Structure formats: C-alpha cells, structure tokens
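Visitor: Numbering (UniProt numbering), first residue to last: 129 to 506.
Ideal placement from N, C-alpha and C gives every residue a C-beta, glycine not left out.
All of these numbers come straight from a predicted model, not from anything done at the bench.
First, the structure itself, so that you have it in front of you.
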Amino acid sequence: TEFLGDAAGYPRWVRVNALKTTVEDQLATTFVDFARVLSVREVTASPGKFLHVDDHIPNLLAVSPSFQITKTEAYTSGALILQDKASCFPAYLLDPRSEDGHVIDSCSAPGNKTTHLAAIVHSRVPENEECSQTVYAFEKDAKRSRTLEKMVKLAGAKEITRMSFGQDFLKVDPNSELFRNIGCLLLDPSCSGSGIVGRDEMPTIHLPEAPGAPKSQPANPNRKRKREGPDAVAEKPQPIIVDDDGKETLVSSEKELKARLEALSSFQLTLLLHAFKFPAARKITYSTCSIHAEENELVALKALQSDVAKERGWRILPRDQQVRGLRDWPVRGSVDASNGDSEIAEACIRSYQNDGRGVMGFFVAAFVRDVRSDAEDG
Ligand code: SAM
Numbered sequence: 129t130e131f132l133g134d135a136a137g138y139p140r141w142v143r144v145n146a147l148k149t150t151v152e153d154q155l156a157t158t159f160v161d162f163a164r165v166l167s168v169r170e171v172t173a174s175p176g177k178f179l180h181v182d183d184h185i186p187n188l189l190a191v192s193p194s195f196q197i198t199k200t201e202a203y204t205s206g207a208l209i210l211q212d213k214a215s216c217f218p219a220y221l222l223d224p225r226s227e228d229g230h231v232i233d234s235c236s237a238p239g240n241k242t243t244h245l246a247a248i249v250h251s252r253v254p255e256n257e258e259c260s261q262t263v264y265a266f267e268k269d270a271k272r273s274r275t276l277e278k279m280v281k282l283a284g285a286k287e288i289t290r291m292s293f294g295q296d297f298l299k300v301d302p303n304s305e306l307f308r309n310i311g312c313l314l315l316d317p318s319c320s321g322s323g324i325v326g327r328d329e330m331p332t333i334h335l336p337e338a339p340g341a342p343k344s345q346p347a348n349p350n351r352k353r354k355r356e357g358p359d360a361v362a363e364k365p366q367p368i369i370v371d372d373d374g375k376e377t378l379v380s381s382e383k384e385l386k387a388r389l390e391a392l393s394s395f396q397l398t399l400l401l402h403a404f405k406f407p408a409a410r411k412i413t414y415s416t417c418s419i420h421a422e423e424n425e426l427v428a429l430k431a432l433q434s435d436v437a438k439e440r441g442w443r444i445l446p447r448d449q450q451v452r453g454l455r456d457w458p459v460r461g462s463v464d465a466s467n468g469d470s471e472i473a474e475a476c477i478r479s480y481q482n483d484g485r486g487v488m489g490f491f492v493a494a495f496v497r498d499v500r501s502d503a504e505d506g
C-alpha cells in the first residue's frame with residue numbers, strides 16, 4: 129500500500145536503508161546526477177532529476193517521481209526502500225533505544241516499518257559490539273507473511289528480526305517469559321486506508337478480521353469494466369472496501385460505512401489495550417493510514433481512559449517530548465476529535481493528502497509510561 133509517487137504533486141519517497149548504505153553513498157552513486165533542492169515542492173515543480181533530503185525524517189529522500197528507481201541496483205538490492213514519508217513516522221517516533229529492551233511490531237506485513245525499526249536499532253549499536261535488541265515481527269495473514277519474510281531478508285534485517293508468520297498479535301500472551309523484556313511496541317493495524325494517495329473511490333477501507341465486523345456485500349463484478357468504458361466519467365464513484373488481500377466489497381450506505389468504522393476502531397482499540405499489558409513496555413506507537421477520527425484520536429482517547437492505561441500509568445507522549453523531527457512536524461491532531469483537549473491534539477501527529485506536503489493521509493500517536501509503575505502494579 130505504499131505510495132509510489134506517480135500522482136501529480138507527490139514526490140517518490142525513498143528511505144535509505146541504513147542497514148545497507150548511507151545517504152552520502154546514495155547521493156554519490158544512485159542519485160549522482162540529481163540536482164539537490166531545498167523543498168519537496170521543488171522536486172515535483174518541474175520535470176527533471178531533483179532530490180530533497182527530508183527535513184523531518186532521517187535517511188529519507190524525496191525524488192522526482194518520473195525516476196525509474198525500481199530499475200536501480202540500489203533498489204533491487206534492498207539499499208533503497210520506497211516508503212511514504214508518513215509511513216516512516218511510527219518507527220522514528222518510537223525511537224527504540226538499547227536501554228528500552230526488545231521491540232514488537234504487532235502487524236508487520238509487508239514490512240516497511242519492521243525494516244525501518246531494524247535499521248534504527250542497528251544504527252545505535254556501537255562499532256564492534258553485538259546488537260542487544262531484537263525486533264519481534266508478527267503477521268496474522270499467512271500470505272502476507274511471505275512478503276514480510278522477503279522484505280526483511282532483502283533489507284538485511286534478518287539478524288535483528290524474529291518473525292512469527294501467521295501469528296495473531298492478540299493471541300500472544302504479554303506475560304509470557306519470552307516477552308519479559310519487551311520495552312517498545314509498534315502498532316500499525318489494518319485500517320480504512322482512507323489516507324492512501326491515488327484512491328479515487330472514497331472511502332476505501334481495509335477490512336481487519338475484526339470480531340463482529342458486519343458482513344459486506346460482494347464486490348460488483350461490473351464496476352471495473354464500467355469505469356473503464358465510455359461512461360466511466362458519468363458513473364458516480366461507488367464507495368468500496370478493500371480488505372488486506374485487495375478483495376473489493378461495496379459499502380452501500382453511510383450507515384454501513386459507520387458500522388465498518390466502528391468494527392475497525394473496536395479492533396484497533398483492542399490491539400492497543402493488549403499492547404498496554406506487556407509488563408516491561410514503556411513506549412508504544414499507534415498508527416493508521418486513515419483520515420477518520422474514529423480510527424485515530426478517538427481510539428487514542430478511549431485507550432487513555434481505559435482501566436489498564438490508568439493502572440499501568442500509560443499517558444500520551446506530549447509534543448515537546450517527541451523526537452525532534454516529529455516535534456517540528458506542523459500537522460497535529462484534531463482538537464474537536466480530542467474532546468477539546470488541545471494537549472492531546474498537539475500530541476497526535478497527522479498528515480493529509482493534497483495539502484501540498486506530498487505525503488499520504490496518516491495518523492500516529494505515542495504512549496509512554498514509567499516502567500517503575502509496573503513494579504507498583506505487582
Ligand atoms: N506495518 C506494515 C508496514 O508498514 O509495512 C503495514 C501493516 S498493514 C496496515 C496491517 C497488517 O496487520 C496486515 O498485514 C494484516 O494482515 C495484519 N494484521 C491484522 N490483524 C492482525 C493481528 N491481530 N495480528 C497480527 N497481524 C495482524
């Protein structure tokens with residue numbers, strides 16, 4: 129679902145994989161004939177070969193969308209990864225440090241954030257020392273697990289990552305001895321995908337296998353054919369749902385859409401509350417590529433109001449304590465959706481398609497706690 133940068137006004141976002149290369153090396157090789165510009169807008173303003181080193185996310189480049197990056201050796205060898213800027217927010221915001229213990233990526237496939245986590249963890253290992261952290265990557269869907277495996281291997285992240293294929297994160301026991309030292313969790317669950325660039329039929333929803341999700345109608349087999357025919361322009365776009373396998377189903381009414389969002393947010397909240405239960409956990413990020421408050425601020429608020437959050441001392445990470453690049457990122461959560469609480473809204477990080485920043489619609493918030501409060505829990 130990563131945006132590949134071929135829509136107007138969007139650059140091609142390229143994460144330089146620190147497990148294999150450096151920005152300096154790439155500027156001197158793959159992008160040697162690119163002109164370096166000072167803003168994302170300049171990258172897309174005119175045809176040619178332009179590149180901007182991102183101001184917020186380390187090791188991220190915005191490059192001219194016409195560049196055939198997938199044909200480069202750096203891309204095919206896993207040194208460069210196509211990853212939307214917003215999709216780089218969660219691992220960077222989580223900021224896993226060696227003193228934080230091991231890391232879980234609860235919903236991993238295809239593995240963009242898993243490999244990003246591995247790169248961050250690796251970058252902090254002092255020279256001649258062994259990496260003390262492991263990234264545990266869970267993926268419920270067996271087919272998507274294979275994609276995850278390929279990506280982790282290609283990115284050179286295999287040594288740092290332990291993958292559990294077909295593993296439902298909700299069935300993982302937080303109190304298992306294996307997860308005693310899990311300090312950080314990244315939660316990037318299935319969502320409506322309504323922030324994804326390039327989807328003209330809105331709203332588009334990725335179905336989770338959420339308990340109680342209402343059954344949707346089968347996709348209209350004529351939809352694609354009709355849209356490609358002469359009457360394509362006249363046809364009113366039908367709201368559709370796309371599940372994680374890319375299967376399409378129609379949402380026929382606002383009411384049905386609401387029910388879908390409810391089912392999604394209930395699943396997302398369950399996942400977040402499950403993460404709160406890991407005994408040594410001290411940092412969590414929760415993200416979606418949705419623009420709907422139901423899946424974003426409202427999930428964060430409900431999680432903060434939960435018994436488990438109160439018992440264990442979980443709080444939202446305020447803006448002024450976030451990593452520099454995300455503290456500086458100007459687009460924040462909605463105050464209305466945060467129950468009028470401007471501190472919560474400021475702590476939430478948003479992005480919107482079509483706002484000129486060249487990124488997809490996205491949401492992320494971090495939760496933290498003092499682990500000593502765990503000892504007090506008994
Ligand atoms: N984090 C991924 C990345 O950056 O490449 C994208 C994750 S995608 C939005 C959500 C993924 O979560 C899907 O692959 C889905 O199969 C998986 N998933 C959904 N429910 C899950 C669960 N209960 N446990 C583990 N994985 C789950």
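Enumerate in chain order the residues of its own chain whose CB-to-CB distance from A421 is below 7 Å, with the five nearest sequence positions on each side excluded.
Guide: For the purposes of this step, residue 421 is taken as residue 293 along the sequence shown, with counting starting at 1. Contacts found: S462 and A465.
Visitor: Please report the Cβ distance between D182 and V451, rounded to the nearest whole angstrom; I am assuming they are in contact, meaning their Cβ atoms lie under 8 Å.
Guide: Locating residue 182 in the sequence shown gives position 54, where the first residue counts as 1. Locating residue 451 in the sequence shown gives position 323, where the first residue counts as 1. Not a contact, Cβ separation roughly 13 Å.
Visitor: Report yes if the C-beta distance between G311 and H244 is below 8 Å; otherwise report no.
Guide: As a working note, residue 311 is residue 183 in the sequence shown. As a working note, residue 244 is residue 116 in the sequence shown. Their beta carbons are not under 8 Å apart, which means G311 does not touch H244 by this criterion.
Visitor: Tell me the rounded alpha-carbon separation between L426 and G284.
Guide: Taking the sequence shown and counting its residues from 1, the one referred to as residue 426 is at position 298. Taking the sequence shown and counting its residues from 1, the one referred to as residue 284 is at position 156. Roughly 37 Å separates the two Cα atoms.
Visitor: Which of the three DSSP states, helix, strand or coil, is assigned to D301?
Guide: Start at 1 with the first residue of the sequence shown, and residue 301 comes out as number 173. Three-state DSSP puts D301 in coil, outside helix and strand.
Visitor: Using a Cβ-Cβ cut-off of 8 Å (strictly less than) and excluding sequence neighbours within five positions of G484, which residues of its own chain qualify?
Guide: Taking the sequence shown and counting its residues from 1, the one referred to as residue 484 is at position 356. For G484, where only same-chain residues beyond five positions count, the Cβ hits under 8 Å are G137 and R169.
Visitor: Relative to ligand 1, is the shortest distance from any of its heavy atoms to the C-beta of R274 smaller than 7 Å?
Guide: Counting from 1 along the sequence shown, the entry for residue 274 is found at position 146. The answer is no for R274.
Visitor: Between the alpha carbons of R306 and F395, how many angstroms are there, rounded?
Guide: For the purposes of this step, residue 306 is taken as residue 178 along the sequence shown, with counting starting at 1. For the purposes of this step, residue 395 is taken as residue 267 along the sequence shown, with counting starting at 1. The amino acid at residue 306 is misidentified as Arg; the sequence shows Leu. Each residue's alpha carbon lies about 25 Å from the other.
Visitor: Run the CB neighbour count on S320, radius 10 Å, all protein chains shown included, and call it buried at 16 or more, exposed below.
Guide: For the purposes of this step, residue 320 is taken as residue 192 along the sequence shown, with counting starting at 1. Looking at its Cβ environment, which holds 16 or more other Cβ atoms inside 10 Å, S320 is buried.
Visitor: Relative to ligand 1, is the shortest distance from any of its heavy atoms to the C-beta of F217 smaller than 7 Å?
Guide: Reading the sequence shown from its first residue, position 89 is the one you call residue 217. Result no, Cβ not under 7 Å from ligand 1.
Visitor: Determine the extent of the beta strand (DSSP E) in which K411 is found, giving its start and end residues.
Guide: What you label residue 411 is simply residue 283 of the sequence shown in a count that begins at 1. Residues K411 to T416.
Visitor: Is there a C-beta anywhere in chain C that falls below 8 Å from the one on R410?
Guide: Note that chain C does not occur in the displayed structure, where there is just one protein chain.
Visitor: Does the Cβ of E277 have 16 or more other Cβ atoms within 10 Å, making it buried, or fewer, making it exposed?
Guide: In the sequence shown, counting from the first residue as 1, residue 277 sits at position 149. E277 should be labelled buried.
Visitor: Could you pull out every residue in the same chain whose Cβ sits closer than 6 Å to the Cβ of Q295, ignoring the five residues on either side in sequence?
Guide: To locate residue 295, count along the sequence shown from 1; it is residue 167. Hits under 6 Å: F266.
Visitor: Could you tell me the distance, in whole angstroms, from the CA atom of F159 to the CA atom of L315?
Guide: On the sequence shown, position 31 is the one that residue 159 refers to. On the sequence shown, position 187 is the one that residue 315 refers to. Looking at the two C-alpha atoms, the distance is approximately 33 Å.
Visitor: Does ligand 1 have even one heavy atom less than 7 Å from the beta-carbon of S234?
Guide: As a working mapping, residue 234 is identified with position 106 in the sequence shown. S234: yes, Cβ under 7 Å from ligand 1.
Visitor: Quick test of your reading: P302 and H402, contact by CB under 8 Å. State the CB separation rounded to the nearest angstrom.
Guide: Here residue 302 refers to the residue found at position 174 of the sequence shown. Here residue 402 refers to the residue found at position 274 of the sequence shown. Right, their Cβ atoms sit about 7 Å apart.
Visitor: Please identify the residue among E201, S215, S192 and V253 whose C-alpha is closest to the C-alpha of T157.
Guide: In the sequence shown, residue 157 corresponds to position 29, counting from 1. For T157, the nearest C-alpha among the options comes from E201.
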